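To keep things clear, I will list the structure first and then write my remarks on it.
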Amino acid sequence: GNIESIQQEIVNEFDFFMIGRENQYLIDLGKNLPTFNAINRVDENLVKGCQSNVWLHAKIIDDKIFFTADSDAIISKGIISILISVFSGQKPEDIITAKIDFIDKIGLSNHLSQTRANGLLAMVKQIKIYAVAYDSKK
């Protein structure tokens with residue numbers, strides 16, 4: 149699906165699951181994160197501005213960017229897994245122009261500590277930076 153429709157699905161899911169179970173839900177999502185190739189666990193893949201270590205790797209296939217990620221913090225893994233489900237496999241220009249208001253809609257920012265909320269924005273920023281870089285190479 150496109151970015152908008154995936155975001156809407158996540159919003160619906162959160163409305164259903166999240167009341168009082170935010171952390172557990174994020175932990176479960178983190179467990180579903182695909183295995184991250186250890187060779188990508190390098191400093192240049194670290195997301196700047198995250199309190200915990202979050203590695204984000206991007207590769208382009210047929211003009212679409214595919215993201216993989218990992219973190220040494222279980223909640224961060226859940227957060228990045230949401231972002232990957234939204235942005236991975238999308239075209240760079242769609243990622244660049246995508247609104248991220250779904251994060252407020254699911255109330256994720258409210259449930260997170262300030263440092264985690266900042267980390268979340270740092271992850272989004274990094275995803276968009278990759279998209280801009282790939283887009284300008286075309």
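Counting in our numbering, the final residue of the sequence shown is number 286, and the numbers go up one at a time with none missing. Ideal Cβ positions, reconstructed from N, Cα and C, are used throughout, including at glycine. For clarity, every value in this text was computed on a predicted model and none was experimentally measured.
### Task
On the DSSP bridge assignment, give the partners of S219 in chain order.
V202
### Task
Answer yes or no: do L256 and I223 have a C-beta to C-beta separation smaller than 8 Å?
no
### Query
Within the chosen definition, does the segment 193-201 reach the segment 243-251 through at least 3 CB pairs nearer than 8 Å?
no
#### Entry: Neighbourhood of A265 by C-beta, 6 Å cutoff - its chain only, sequence neighbours within 5 removed
Closer than 6 Å at the Cβ level, and outside the excluded window around A265, lie S257.
### Message
Measuring straight from C-alpha to C-alpha, what distance separates K285 and R169?
### Response
Their backbone Cα atoms lie some 42 Å apart in a straight line.
#### Entry: Outcome for T263 when other beta-carbon atoms lying within 10 angstroms are tallied against a minimum of 16
exposed
### Query
Do you know whose CA, among I230, T216, I251, lies nearest T183's CA?
T216
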